[in-house]
Amino acid sequence: MIDLETRYQTILLESPADGVIQVTLNRPDRLNAMTVTMFDELESVARAVGDDRDVRVMVLTGAGKAFCAGYDLDEAEELASLPALGMLDRQERAARALSAVRAVPVPVIAAVNGPAAGGGLSLALMADIRLGSPAAKFNAAFVRIGLSAGDLGASWLLPRLIGPSAAAEIGFTGRMVEADEAERLGLLNRVTGADDLLDQTLTMAGQICANSPGGIRISKRALQANMEVTSFAAALELENRGQALLTRCDDMTEALQAFKAKRAPNFSGR
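Here my numbering is used: position 75 in the sequence shown is 143, and no number is missing along the way.
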């Protein structure tokens, strides 16, 4: 079980609804910029969420006016002075943290409440679903500080999400993508109202929680894994194994009976 009383330096944990854990980046005075401490805490929290079978959805958001402004520039000044292996270690710690968020076995919804820049963009990409307020905006700020837009998974995830040409333009220019454009591109699933981002996020989380826990976990596994397989046959093989496994779980039987009890009389669809 996740201990909501655990105190972190850069993160707040709360449970706004049954089965939902909200992880809030909590450095509002620095626009929730990332630090080594934040990377370590994000990785720890993500692994704890994955181990807690009572958690059905994880919500990720930022405190204050920003989602995440990317790597803290005060720490970034140290990077050029680090030895090569020291820089590699720093980079790998950051990559482990974001990979752990993506690997959380339940759906992750990013509630993007403001700017998501650089590593903040990469962090938003780790979520399965992204909702944004009108204040949400994104940029691949890496090139603006002399680094590559190929950072923390962005070069793999962004082209798959919005297409290679759009990803190239955003990556090469470092320009800001406002909320409405992000929605058109598919970077955001939806732009919410100015004041109801978390309400809409929790409504969606509730819709997810209403479904079979095992079915949702296996669905996430299939959707992620089949982005990487090289053939339709391999995708079918993974799907077939997942369905066979789920028919041996109690919650499949319970979910089927509940669905049959409330379905419309003329609806026979699977």
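Glycine included, C-beta positions come from ideal geometry on N, C-alpha and C.
If I measure Cβ to Cβ from residue i and keep anything under 6 Å in the same chain, skipping five residues before and after, which residues do I get?
i    : result
L99  : A134, A137
L110 : A165
P227 : A235
R285 : P173
Compute the Euclidean distance between the alpha carbons of residue i and residue j, then round it to the nearest angstrom.
i    : j    : result
L93  : G239 : 24 Å
I70  : L81  : 9 Å
D120 : S223 : 31 Å
R161 : Q311 : 35 Å
G221 : R243 : 19 Å
L139 : L150 : Residue identity check: residue 139 is Tyr in the sequence provided, not Leu. About 16 Å.
T105 : G182 : 22 Å
Does the distance between the C-beta of residue i and the nearest non-hydrogen atom of the ligand SAM fall short of 7 Å?
i    : result
E296 : With respect to small molecules bound, the structure shown includes none, and the ligand SAM cannot be examined in it.
Could you say which of the options lies nearest to residue i if we only look at CA atoms?
i    : options                : result
G231 : D219, G214, A250       : A250
A195 : S112, V180, L147, D122 : V180
A273 : P175, G186, G132       : P175
T269 : L306, P84, D122        : P84
V245 : T271, A217, A184       : A184
G87  : C277, Q292, R316, I286 : C277
V127 : D263, R170, E237, N308 : R170
M102 : S190, L253, L153, V172 : S190
G218 : L229, G187, P202, A247 : G187
R316 : G282, F300, T298, Q292 : G282
D248 : A131, A262, T241, A116 : A262
A204 : T78, K288, D108, T129  : T129
Per DSSP, which residues does residue i bridge with? Please list them.
i    : result
M295 : Bridge partners of M295: none, in fact.
E246 : K205
I197 : I177
Quick one: residues in its chain with C-beta nearer than 7 Å to the C-beta of residue i, no 5 flanking neighbours on either side, listed in chain order?
i    : result
N257 : I197, R198, L199
N294 : A303, L306
F107 : R161, A162, A165
R115 : A168
Answer yes or no: do residue i and residue j have a C-beta to C-beta separation smaller than 8 Å?
i    : j    : result
L306 : A290 : yes
L255 : F206 : yes
A144 : I89  : no
L193 : L156 : no
Determine, using beta carbons only, whether residue i comes closer than 8 Å to chain B.
i    : result
V172 : Checking the listed chains, one finds no chain B in this structure; it contains a single protein chain.
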